[in-house]
Amino acid sequence: MTIIEVKQLTKIFGSEARQALPLLDQGWSKEKIAQEVKLTVGVNKAEFSIEEGEIFVIMGLSGSGKSTLVRLLNRLIEPTAGQVLFKGKDVVKMNAEQLRQFRRKNIGMVFQKFALFPHRSVLSNAEYGLEIQGVEKKKRKELAMKALELVGLGGWENHRPDQLSGGMQQRVGLARGLANDPDILLMDEAFSALDPLIRKDMQQELLELQARVKKTIVFITHDLDEALRIGDRIALMKDGVIVQIGTPEEILIQPANKYVERFVEDVDLSKVLTAAHVMIPPEMIRPERGPRVALQLMRDNGVSSLYVADKEMKLHGLITADDAAQALKQDQTILDVMRRDIPRVHPDALLNDLFEMMSETHLPVAVVDESNRLRGIVIKGAVLSALAGNAVLEGGMLR
Amino acid sequence: MNLPKIPLGSGIEWIENWLTTYFGTFFDIIHAIIGGMVNGIEAALLFLPALILIALITALAYWIGKWRMALFAVIGLLLIDNLGLWGPTMQSLALVLTASILAVLIGVPVGILCAQSNGVKNTVTPILDFMQTMPAFVYLLPAVSFFSLGVVPGVIASIIFAIPPTIRLTNLGIRQVSAELVEAADAFGSTPTQKLIKLQLPIAMPTIMAGINQTIMLSLSMVVISSMIGAQGVGALVYRAVSQAKTGAGFEAGIAIVIIAILLDRLTQNALKPKQR
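Protein chains in written order, with the working numbering: chain R, 108 to 506; chain C, 690 to 966.
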């Protein structure tokens, strides 16, 4: 379900900002408007919709208008023109009281420099959103504590923000944003002020958190790696214009224009592509079949091993030609001779993490999901050609 | 060419007369309130025997500033009592406290308004400049004609002279609260009042306290000037000593003012610190 729909959303800074609107309609660029009428175009007719429960990333370099755009969504900055529809209701038309209720109940925010209240404890920072709604003391403490536990800060509630490290401070920011259980969480460069290592942890934790609380998250970043890692969809901005919206794969593989292409050309594909992208269908055999059938299948398909999987595709192991021949001689079943300790990965595993595993084994790596169902296998050749270029990807291996 | 002199002085006097004629009742009410406050505080200060009050103030000094301040309080106040200046000193203290309390009660809200609107700030700032630079003697005169002689015009003059730092620093303190924090408070749906009470005032508090401290010091500096229009107290003793060229008596009364000044200064400066630790 669509939770936010943005139509022709525009922000021009300066007095008499509206006079530049017709100029935008005529297709004037941000630069030309700045020169000729001395007005700054922040966001130029942005148009997109956000689905409930997705992580929508708005990415762009500094000055691209991404921070302005996110502030138009909760009207920390007043739009010059356009609509922001939250579940069909136009946020831009709300009066002060309606807007306040919208901010209190529906939309939370996490800030780049944390913006924690220095005179309040961690707990009372997390309580802030509830406190101003007039939630009674016991209840708001309970909810704030729950939010703090959720971000892994249980036990820190009585500390002051300045006693915590940057990563922990931003967890407080996150808890404050989550405590009043909003539908949408805006995160404005939330991890940009953190050390790279802590940043990665936080990205991972955000994904885990998202899987549990299922919030709609609008995440602003200037870091493509971050966008690709956490975004379900990415909107790429330049000069106030959204130049492309798509899944990480779409952005990488089909850049809409030269700008996006240049943006993504340096991306390390091994940190973006997953096992699911490069896996190929495996040759399989049911466990109840005999070794003779196994040998025949291998001969027919020109392979030297088969994956043993049952009707539900549950993976049991792997049988090689030698194993099958031995079983035939000694009158054993496939289950008696197959190897059970074969390398496995999750479909979402990054190629980056696959390298090590593949260098340690001569076998293909089996791709299995949470319920141990065999989805495919990864062979060395496919990984290498995926990293070398897009040939394999364009050959239809994408989901 | 001889331009006629602009009748600024006579204009001011005309306004003064007009105000006295038509706002007499209003000034009478103010007079009653301020006079009541000064008398009340004075009575409260003189209600207890000097030694007991000294013990109480010393305890307060110990609570706020530990033994060094307590030591200073006990020695200083005993000296004042010993010099026989306890009564006049308490009279002056009542004047200073009244002026300071009223200056804070008026100044903090005005400072808040200044912080919230550039228009208000741009209007108030030149008035504050005027109040601080116009020699205090000059507004003693209209104060006397509105409130007659005595302690009340002294309090009024003290407020006018002493209120600017409270207004200025309240404004400054609130404006210094970082835009990010204000934005965060807005993003969670705070009303302007909630933002003020839960965020801006607490963070601005050290700056506001510095302003209040300055206001107290300035109103203390007015006690001698106030005595020229009939305010009683240790300021009057200084004034009399000066006019009679009695160095010794002047010095004794002066020391009493210095002791009270240092005590008030240290007490107000340190009052907020324990809570911040």
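Ideal placement from N, C-alpha and C gives every residue a C-beta, glycine not left out.
Go to residue i, then tell me how far its beta strand (DSSP E) extends in each direction, as first and last residue.
i, result
"Val-242(R)", "No beta strand (DSSP E) contains Val-242(R), which DSSP labels as neither H nor E."
"Phe-120(R)", "109-120"
"Phe-712(C)", "That residue, Phe-712(C), is in no beta strand (DSSP E); it is neither H nor E in DSSP."
"Met-166(R)", "162-167"
Quick check: residue i and residue j, are their CB atoms within less than 7 Å of each other?
i, j, result
"Ala-456(R)", "Ile-426(R)", "no"
"Leu-285(R)", "Ala-254(R)", "yes"
"Thr-855(C)", "Val-912(C)", "no"
"Leu-359(R)", "Ile-392(R)", "no"
"Gly-843(C)", "Leu-774(C)", "no"
"Val-217(R)", "Met-294(R)", "yes"
"Glu-705(C)", "Pro-831(C)", "yes"
"Gly-900(C)", "Thr-859(C)", "yes"
"Ala-930(C)", "Ala-938(C)", "yes"
"Ala-762(C)", "Ala-748(C)", "no"
"His-120(R)", "Arg-340(R)", "For the record, residue 120(R) in the displayed sequence is Phe; it is not His. Going by C-beta atoms, Phe-120(R) is not nearer than 7 Å to Arg-340(R)."
"Ser-299(R)", "Gln-219(R)", "yes"
"Met-464(R)", "Lys-487(R)", "no"
"Gln-310(R)", "Arg-283(R)", "no"
"Leu-206(R)", "Arg-182(R)", "yes"
"Gly-347(R)", "Asn-202(R)", "no"
"Pro-49(R)", "Leu-314(R)", "Since the first residue of chain R shown is 108 and the last is 506, residue 49(R) is not available in this structure."
"Ile-743(C)", "Leu-766(C)", "yes"
"Phe-221(R)", "Gly-280(R)", "yes"
"Val-923(C)", "Ser-781(C)", "yes"
"Val-472(R)", "Val-490(R)", "no"
"Ile-157(R)", "Ile-111(R)", "yes"
"Leu-128(R)", "Ile-140(R)", "no"
"Ile-951(C)", "Ser-789(C)", "no"
Just to confirm the assignment, what range does the alpha helix (DSSP H) spanning residue i have?
i, result
"Leu-834(C)", "Here the sequence assigns Ser to residue 834(C), which means Leu is not the residue at that position. Looking at the DSSP string, the run of the alpha helix (DSSP H) that includes Ser-834(C) is 825-836."
"Asn-151(R)", "From DSSP, Asn-151(R) is part of no alpha helix (DSSP H) but of the beta strand (DSSP E) over 147-158."
"Gln-805(C)", "775-805"
"Arg-857(C)", "840-864"
"Gly-765(C)", "739-771"
"Val-144(R)", "137-144"
"Ala-382(R)", "382-385"
"Arg-125(R)", "Careful: Arg-125(R) lies outside any alpha helix (DSSP H) and carries neither H nor E."
"Pro-389(R)", "Pro-389(R) -> no alpha helix (DSSP H), and no H or E assigned at all."
"Leu-359(R)", "355-360"
"Val-371(R)", "365-371"
- Task: Output the residue ranges of the beta strand (DSSP E) runs that lie fully inside the segment 258-320 of chain R and measure 3 residues or longer, sorted by chain position.
- Result: 291-295
- Task: Would you check if the segment 871-881 of chain C and the segment 932-951 of chain C touch, i.e. whether three or more CB-CB distances between them fall below 8 Å?
- Result: no
- Item | Runs of alpha helix (DSSP H) lying entirely within the segment 180-240 of chain R, each at least 4 residues, in chain order | 203-212, 229-238
- Three or more C-beta pairs below 8 Å linking the segment 837-849 of chain C and the segment 185-193 of chain R: By the criterion of at least three beta-carbon pairs nearer than 8 Å, the segment 837-849 of chain C is not in contact with the segment 185-193 of chain R.
- Message: Closer than 9 Å between beta carbons: that is the criterion. Which residues of the segment 886-914 of chain C meet it against chain R?
- Response: Answer in chain order: Lys-887, Leu-888, Pro-891, Ile-892, Met-894.
- Counting Cβ pairs, one atom from each stretch, are 3 or more of them under 8 Å apart for the segment 847-863 of chain C and the segment 902-922 of chain C? yes
- Query: For the segment 323-350 of chain R, which segments carrying the alpha helix (DSSP H) assignment without a break, of at least 4 residues, lie completely within its bounds, in sequence order?
  - Reply: Correct list: 331-337.
- Task: Return the chain-ordered ranges of every alpha helix (DSSP H) run that is complete within the segment 872-940 of chain C and spans a minimum of 4 residues.
- Result: Fully enclosed alpha helix (DSSP H) runs of 4 or longer: 881-884, 890-910, 912-916, 923-932.
- Item | Near-chain C residues of the segment 169-181 of chain R (beta-carbon distance less than 9 Å), N- to C-terminal order | Arg-178, Asn-181
- Task: Run through the segment 398-481 of chain R for me and flag every whole alpha helix (DSSP H) of 4 or more residues, listed as ranges in chain order.
- Result: 398-408, 428-437, 441-444, 458-466
- Query: With contact counted as at least three CB pairs below 8 Å, one residue from each stretch, are the segment 417-433 of chain R and the segment 377-384 of chain R in contact?
  - Reply: no
- Message: If the cut-off is 7 Å on Cβ atoms, which residues from the segment 229-242 of chain R count as contacting chain C, listed in chain order?
- Response: Tyr-235, Gly-236, Ile-239
- Evaluate the contact criterion for the segment 692-702 of chain C versus the segment 474-483 of chain R: three or more CB pairs, one atom per stretch, below 8 Å. No, the segment 692-702 of chain C is not in contact with the segment 474-483 of chain R.
- Message: If the cut-off is 9 Å on Cβ atoms, which residues from the segment 205-221 of chain R count as contacting chain C, listed in chain order?
- Response: Within the segment 205-221 of chain R, the residues whose Cβ lies closer than 9 Å to any Cβ of chain C are, in chain order, Leu-206, Arg-207, Gln-208, Phe-209, Arg-210, Arg-211, Lys-212, Ile-214, Gly-215, Met-216, Phe-218, Gln-219, Lys-220, Phe-221.
- For the segment 326-347 of chain R, enumerate the residues whose C-beta is nearer than 8 Å to any C-beta of chain C, in chain order. none
- Taking Cβ-Cβ distances below 7 Å as the criterion, which residues of the segment 854-875 of chain C are in contact with chain R? Glu-869, Leu-870, Glu-872, Ala-873, Asp-875
- Counting pairs of beta carbons, one from the segment 116-133 of chain R and one from the segment 145-160 of chain R, are three or more of them closer than 8 Å? yes
- Query: Listed in chain order, which residues of the segment 251-279 of chain R have Cβ atoms closer than 9 Å to some Cβ of chain C?
  - Reply: none
- Item | Within 9 Å of chain R by C-beta, residues of the segment 829-845 of chain C in sequence order | none
- Message: Beta carbons nearer than 8 Å to chain R: which residues of the segment 733-761 of chain C have them?
- Response: none
- Message: For the segment 808-815 of chain C against the segment 888-902 of chain C, do three or more pairs of beta-carbon atoms, one drawn from each stretch, fall closer than 8 Å, so that the two count as touching?
- Response: no
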